[in-house]
Each structure stands twice: as C-alpha cells, then as structure tokens.
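Asker: Structure below; questions to follow.
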Amino acid sequence: MFSLLGRTAVSCLKQRFQVQMLKRGFADQVAQGTEKLKLSFATPTFALRKDASVDMVVFPAATGMMGVLPQHVPTVAQLKPGVVTVIEDGKEDKYFVSSGFAFVTKDRTDILAVEAVRLEDLDKEAVQRGLNECESAVNSASDEVSQAIAQIGVEVHSAMKSALES
Amino acid sequence: MAAMQRSFMNFVSKSRNIVGVNSRPPSWNMNRNRTVDQALLLATENNVCSGVDFQVRFASLKAVRSRMRSVASISKITKAMKMVAAAKLRGVQARQESSKPFTAGLKSFLKSTFGEIEGKETSGNHLVVAVTSDRGLCGGVNSNVVREIRKLLHEDKQNQYAILLCGDKGRDGLQRLYRNLFVVTIKDVFRAPVNFTQTCVVAEEIFKQKFDSVTIFYNHFKNAISQIVTRKVIPGLDIILKHAETFDSYEFESDMDSAQTLTDLYEFQFAVQLFDALLENATSEQAARMSAMDNATRNASEMYQKLTLTYNRQRQSVITGELIEIISGAEAL
Numbered sequence: 001m002f003s004l005l006g007r008t009a010v011s012c013l014k015q016r017f018q019v020q021m022l023k024r025g026f027a028d029q030v031a032q033g034t035e036k037l038k039l040s041f042a043t044p045t046f047a048l049r050k051d052a053s054v055d056m057v058v059f060p061a062a063t064g065m066m067g068v069l070p071q072h073v074p075t076v077a078q079l080k081p082g083v084v085t086v087i088e089d090g091k092e093d094k095y096f097v098s099s100g101f102a103f104v105t106k107d108r109t110d111i112l113a114v115e116a117v118r119l120e121d122l123d124k125e126a127v128q129r130g131l132n133e134c135e136s137a138v139n140s141a142s143d144e145v146s147q148a149i150a151q152i153g154v155e156v157h158s159a160m161k162s163a164l165e166s
Numbered sequence: 001m002a003a004m005q006r007s008f009m010n011f012v013s014k015s016r017n018i019v020g021v022n023s024r025p026p027s028w029n030m031n032r033n034r035t036v037d038q039a040l041l042l043a044t045e046n047n048v049c050s051g052v053d054f055q056v057r058f059a060s061l062k063a064v065r066s067r068m069r070s071v072a073s074i075s076k077i078t079k080a081m082k083m084v085a086a087a088k089l090r091g092v093q094a095r096q097e098s099s100k101p102f103t104a105g106l107k108s109f110l111k112s113t114f115g116e117i118e119g120k121e122t123s124g125n126h127l128v129v130a131v132t133s134d135r136g137l138c139g140g141v142n143s144n145v146v147r148e149i150r151k152l153l154h155e156d157k158q159n160q161y162a163i164l165l166c167g168d169k170g171r172d173g174l175q176r177l178y179r180n181l182f183v184v185t186i187k188d189v190f191r192a193p194v195n196f197t198q199t200c201v202v203a204e205e206i207f208k209q210k211f212d213s214v215t216i217f218y219n220h221f222k223n224a225i226s227q228i229v230t231r232k233v234i235p236g237l238d239i240i241l242k243h244a245e246t247f248d249s250y251e252f253e254s255d256m257d258s259a260q261t262l263t264d265l266y267e268f269q270f271a272v273q274l275f276d277a278l279l280e281n282a283t284s285e286q287a288a289r290m291s292a293m294d295n296a297t298r299n300a301s302e303m304y305q306k307l308t309l310t311y312n313r314q315r316q317s318v319i320t321g322e323l324i325e326i327i328s329g330a331e332a333l
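From first to last, the protein sequence lines are chains A and B.
In terms of the UniProt record's numbering, the first sequence opens at residue 1 and continues consecutively.
In terms of the UniProt record's numbering, the second sequence opens at residue 1 and continues consecutively.
And the structure:
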C-alpha cells in the first residue's frame with residue numbers, strides 16, 4: 001500500500017519534470033518534422049480521433065508521461081489516470097483518461113482508453129468531493145478488495161485534481 | 001313424396017356445383033329430408049380427413065371468421081415487434097459503429113503477436129463461449145451458433161471442452177447433448193445496452209475457469225439481411241506467457257514486472273475482443289428479429305387474404321343454399 005502511494009508520488013514528480021522537458025524541446029521537434037503521426041484515440045463508446053494525422057501525442061504511461069512522434073519505436077504502454085494531449089498544427093487538445101493501453105507501431109498509434117473526457121468538462125468541486133469520499137473509504141475499508149477499490153478511486157481523483165490544477 | 005325428394009336432390013347437386021363443391025360425401029342418407037345447410041355440414045363432418053383443401057373450404061362460417069381474427073391480431077403483433085426491432089437495431093448499430101475504432105485498434109497488434117502464437121498449440125482444455133440471445137423469435141442467429149458448436153464438439157474428439165453460455169437460448173439448444181460440459185450460464189447479458197464495464201464482469205467469470213484456449217462463437221453483423229456465425233479463437237494466458245518472446249519487438253512501458261504486464265495486457269485485450277463479440281451479436285439479434293418479424297407479417301397477411309376468399313365463398317354458398325331452400329320449398333307447394 002505504501003509503495004503504491006510512494007510510486008504515485010514519484011511518478012507525479014517525474015511527470016511534471018518530463019512534461020517540462022518536453023515543453024522545452026517542443027519548438028525544435030515541430031520545426032524538423034514534416035511527417036504526421038497516424039493516431040486513433042478511442043473509448044468503448046466513442047472515438048476522439050479516428051485515423052487522424054497529428055504531429056505529436058503525449059499520454060500518461062505507467063512509467064511517466066510519454067510523448068510519441070512519427071517513427072517512434074514500437075511500444076506497448078499501460079496507461080495511468082492522467083491527461084492525454086493531442087497536438088495538431090500547434091493546437092493542443094487535452095483529455096483526461098482513467099486507464100487503458102497505448103499501442104505504438106511502425107505505421108500508427110492506437111490509444112485505447114476505458115474512459116476519456118475533455119479536460120474542460122471536469123468539475124473541480126465534484127473532483128474534490130470524490131477525493132474526500134474515496135479517502136474516507138480507504139480508512140474505513142473492511143477487506144482488501146474494497147480497500148483496493150477505494151485506493152484506485154483516490155489515485156484517479158488525485159490525478160484529476162492535479163490535471164485541473166496544472 | 002319420392003318425386004319431391006328427387007327434385008330436392010337435383011337442386012342440392014346443382015347448388016353444390018354452383019358453390020364449386022366437387023366431391024360426394026361417402027354416406028349421404030337420401031331418405032332423410034334435410035336443408036342444404038345441414039347437408040353441407042354433414043358433408044364437412046364426413047370429409048374432415050380427406051385433405052386440407054376440403055377442410056378449409058368446408059369449415060363453417062364462424063370457424064373461418066375466428067381464424068381470420070386470430071391471424072389479423074398475429075399480424076398486428078408481428079408488425080409491432082418488427083418496428084421495435086428496427087428501432088433497437090438503429091440504436092445498437094450506432095453504438096457498434098462508434099465502438100469500431102476501439103475494437104479495431106487492437107487488431108494490428110494482435111495479428112502480429114497473438115496471431116503468431118495461436119497456431120502453435122491446439123491441444124488441451126478448450127473453453128467454448130456461446131454468445132446467444134435470451135429471447136427468441138430472432139430468426140436463425142441462435143440455432144446457427146448452436147449448430148456450429150455441436151459440429152465442433154462432434155468432430156473434435158481428442159480435446160477436452162467446457163462450455164460457457166452467455167444467453168439462455170444457447171443453453172436450450174445445447175443442454176440435451178452437452179449438459180455435462182456446462183460450467184457457467186450468464187443471463188440478461190443483452191437486457192441493457194452492451195457496455196464495457198459489463199463485459200469486464202463477464203470476462204472475470206471466464207478468467208475463473210482454467211483453459212488453454214477460448215473459442216467464442218457469435219454472429220457477425222454484415223448488414224441488416226446477413227448475419228454470419230463467426231468463430232474467434234484466443235489463446236489462454238499460460239500459452240501467451242510461454243511464448244512471451246513474440247512480444248520482444250515491442251518495448252513495454254509499465255511499472256510492473258513483465259509477467260504482470262503481460263497478464264494485464266492479456267486481460268485487457270480479452271475484454272476488448274469479448275466486447276466486440278457481444279456488441280456484434282446484439283446487433284445481429286435485432287437485425288434477425290426484424291427480418292423474421294417482417295416475414296411473419298407478410299405470411300400472416302397472405303394467410304388473411306386466402307382466408308377472406310374462403311370466407312366469401314362460404315358466405316355465398318350459404319346464401320345460395322338458403323335461396324335454393326326457399327325456392328324448392330316454394331316449388332313444392
């Protein structure tokens with residue numbers, strides 16, 4: 001349990017660090033690249049991007065924020081609750097995802113998220129309320145399963161909170 | 001008296017020709033004085049076993065009318081069911097279309113990894129998942145799935161099989177021969193629109209079983225008139241872990257060890273493939289029900305038209321008979 005919290009804290013820090021790194025490296029990358037990345041970003045109920053040609057996509061892998069450009073090495077990444085940023089012609093679209101997998105292959109990138117919402121659609125008060133509820137559920141949990149469920153709730157809500165704040 | 005009876009018989013036989021009756025009843029008692037009405041009824045009783053045609057034509061007015069009423073109400077019910085199925089089909093098809101990028105996103109990855117592993121081992125314990133509907137009147141979708149499963153179980157004698165049922169109709173079809181192979185029956189899968197969370201629950205039930213590979217039988221929705229039974233084979237987790245080197249071309253970004261990551265990936269892709277199968281089968285069920293109800297409505301209205309003709313013919317013959325009776329009675333005076 002503590003290792004889980006510790007891991008979340010470390011990866012949060014790593015996340016912020018890496019995002020800043022990427023932000024610094026942005027201008028060079030966009031200037032160089034003339035190819036586009038073929039992206040499919042979908043949930044079970046609807047697709048946010050379907051075979052779209054984008055410049056870059058940043059998603060929250062379990063090891064930290066990961067940016068994918070065209071010609072990325074083939075990767076399978078497990079997603080953590082966090083923000084997916086799709087960069088198209090200089091425009092950034094941010095979406096909060098709960099979990100899922102991302103598959104990067106030679107020709108295309110597929111991000112399969114279980115739930116995804118636009119960052120603008122998240123309600124700050126509701127997030128705070130959810131976070132408080134889950135934290136109290138963690139403390140009052142009777143067995144391991146419900147404690148694990150509550151812990152997952154805490155992770156997702158704190159990710160939402162930090163996504164809204166950043 | 002005899003002369004009167006003879007002339008009466010003449011009129012009876014002539015009237016029988018008018019109404020198009022062309023058979024002689026076997027026991028026609030010529031000595032009793034009956035009205036033509038009763039004569040025809042006697043003919044019906046005697047002719048009851050001599051062919052469907054005669055049965056329909058000789059049936060009494062009331063019987064034909066009640067049959068017409070029941071056929072009309074059946075056609076109304078089937079028409080309503082067709083409209084409901086058409087509306088549901090639109091809804092489910094829209095959901096299926098919008099979920100296509102999600103289910104298709106896995107395909108290229110799966111082909112290059114799981115596809116390689118799939119051919120390697122075919123023996124062992126197999127779990128057959130039969131995806132069928134809970135309610136009937138949906139054409140051939142359920143019987144096609146049951147037929148394919150029966151064929152598989154009949155042909156393949158060397159492997160061990162277990163059957164997991166998703167939907168009641170599969171159970172009804174398979175329980176006579178393969179009841180001992182049933183492990184779990186899941187009901188009401190398609191009551192609410194298929195969603196991913198519900199699919200994960202079903203997938204968890206499947207993971208509780210031990211197997212070397214899973215075969216999912218479902219109906220693939222090609223279009224509103226064509227639904228094809230498809231078979232999807234997914235190797236079991238143990239086999240995937242045994243051939244883990246197939247995944248070496250991919251870098252794994254995960255904060256867990258490789259076995260745990262592969263397990264997570266396996267469970268995720270399984271849930272996605274099961275979601276695809278359930279959604280396709282739900283769409284196929286509605287399309288098949290719509291076309292079955294459409295056929296039923298058309299048949300019922302055809303039957304109604306035929307019955308109307310019979311009814312009119314019958315009505316005319318009754319009227320003609322009464323006229324003849326009156327005329328013959330008047331002549332006798």
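C-beta: ideal position from N, C-alpha, C; glycine also.
Computed from a prediction, not measured in an experiment: that's the story for all the values here.
Near Q96 of chain B, what residues of its chain come up, given a Cβ to Cβ distance below 6 Å and the 5 sequence neighbours on each side ignored?
Answerer: Here the question's residue 96 of chain B lines up with position 96 in the second sequence. Contacts found: L279 and T283.
Asker: So E251 of chain B contacts chain A; which residues on that side make the cut at Cβ distance below 9 Å?
Answerer: One-based indexing of the second sequence puts residue 251 of chain B at position 251. Neighbours of E251 of chain B on chain A, chain order: V73, P74, T75, V76, A77 and V104.
Asker: When the Cα of F96 of chain A is compared with those of A:D51, A:N139, A:V114 and A:E88, which residue comes out closest?
Answerer: If you number the first sequence from 1, residue 96 of chain A lands on position 96. For F96 of chain A, the nearest C-alpha among the options comes from A:V114.
Asker: Candidates B:I225, B:K169 and B:I326: which alpha carbon is nearest V145 of chain B's?
Answerer: For the purposes of this step, residue 145 of chain B is taken as the residue at position 145 of the second sequence. Looking at the Cα atoms, B:K169 is the closest of the given residues.
Asker: Whole angstroms is fine: what's the gap from Q198 of chain B's alpha carbon to N159 of chain B's?
Answerer: Along the second sequence, one-based indexing puts residue 198 of chain B at 198. Along the second sequence, one-based indexing puts residue 159 of chain B at 159. Distance between the alpha carbons of Q198 of chain B and N159 of chain B: 30 Å.
Asker: Specify the secondary structure class of F268 of chain B as computed by DSSP and reduced to three states.
Answerer: The residue you call residue 268 of chain B lines up with position 268 of the second sequence. In this structure, F268 of chain B counts as helix in the three-state DSSP scheme.
Asker: Closer than 8 Å by beta-carbon distance: list the chain A residues that pair up with S258 of chain B, in chain order.
Answerer: The residue given as residue 258 of chain B occupies position 258 in the second sequence. Per Cβ cutoff of 8 Å: no residues; S258 of chain B is ~11 Å from chain A at best.
Asker: When the distance is taken between beta carbons, is A102 of chain A closer than 9 Å to T75 of chain A?
Answerer: The residue labelled residue 75 of chain A in the question sits at position 75 within the first sequence. The residue labelled residue 102 of chain A in the question sits at position 102 within the first sequence. Going by C-beta atoms, T75 of chain A is nearer than 9 Å to A102 of chain A.
Asker: Once the 5 residues before and after P70 of chain A are set aside, which same chain residues still bring their CB inside 8 Å of it?
Answerer: Your numbering for residue 70 of chain A matches position 70 in the first sequence. Contacts found: G33, E35, K36 and L37.
Asker: Quick one: what does DSSP say F275 of chain B is sitting in, helix, strand or coil?
Answerer: Indexing the second sequence from 1 puts residue 275 of chain B at position 275. It is helical.
Asker: Looking at P44 of chain A and N195 of chain B, is the spacing between their C-beta atoms short of 9 Å?
Answerer: Translated into the one-based positions of the second sequence, residue 195 of chain B becomes position 195. Translated into the one-based positions of the first sequence, residue 44 of chain A becomes position 44. Going by C-beta atoms, N195 of chain B is nearer than 9 Å to P44 of chain A.
Asker: At a CB-CB cut-off below 7 Å, which residues of chain B make contact with D110 of chain A?
Answerer: Position 110 of the first sequence holds residue 110 of chain A. Here the neighbours are G105.
Asker: Compare the C-beta of D107 of chain A with all C-beta atoms of chain B and state if any pair is closer than 9 Å.
Answerer: As a position in the first sequence, residue 107 of chain A is number 107, starting the count at 1. Chain B contact via Cβ: present.
Asker: Nearest to A224 of chain B by CA position, among B:E302, B:E251, B:K242 and B:A292, is which residue?
Answerer: Your numbering for residue 224 of chain B matches position 224 in the second sequence. Closest by alpha carbon: B:A292.
Asker: Alpha carbon to alpha carbon, what distance is there between M303 of chain B and E322 of chain B?
Answerer: Residue 322 of chain B sits at position 322 when you count from the first residue of the second sequence. Residue 303 of chain B sits at position 303 when you count from the first residue of the second sequence. When the Cα atoms are used, E322 of chain B and M303 of chain B turn out to be separated by approximately 28 Å.
Asker: Just confirm the distance between the C-beta atoms of L131 of chain A and V154 of chain A, as a whole number of angstroms; I'd bet it's less than 8 Å.
Answerer: As a first step, residue 131 of chain A must be located in the first sequence, where it is residue number 131. As a first step, residue 154 of chain A must be located in the first sequence, where it is residue number 154. L131 of chain A to V154 of chain A, Cβ: 7 Å. Contact.
Asker: Please work out which residues of its chain come closer than 8 Å, Cβ to Cβ, to T297 of chain B, disregarding the five sequence neighbours upstream and downstream, and give them in chain order.
Answerer: For the purposes of this step, residue 297 of chain B is taken as the residue at position 297 of the second sequence. Only S75, T78, K79 and K82 meet the Cβ criterion.
Asker: Just verifying my parser: in three-state terms, what is the DSSP assignment at A192 of chain B?
Answerer: Position 192 of the second sequence, counted from the start, is the residue given in the question as residue 192 of chain B. Correct three-state label for A192 of chain B: coil.
Asker: Whose C-alpha, out of B:V189, B:S328, B:D294 and B:A277, is nearest the C-alpha of A104 of chain B?
Answerer: Numbered from its first residue, the second sequence carries residue 104 of chain B at position 104. Comparing Cα-Cα distances from A104 of chain B to each of B:V189, B:S328, B:D294 and B:A277, the minimum goes to B:A277.
Asker: Check whether the stretch 211 to 218 of chain B touches the stretch 122 to 140 of chain B, counting contact only when three or more Cβ pairs, one atom from each stretch, lie closer than 8 Å.
Answerer: yes
Asker: In chain B, which residues lie less than 9 Å from A62 of chain A when you measure between Cβ atoms?
Answerer: Taking the first residue of the first sequence as position 1, residue 62 of chain A is located at position 62. Correct list: E253, S254, D255, M256 and T261.
Asker: In the DSSP assignment, find the beta strand (DSSP E) that holds residue 186 of chain A and state where it starts and stops.
Answerer: Absent from the structure is residue 186 of chain A, since the part of chain A shown begins at 1 and ends at 166.
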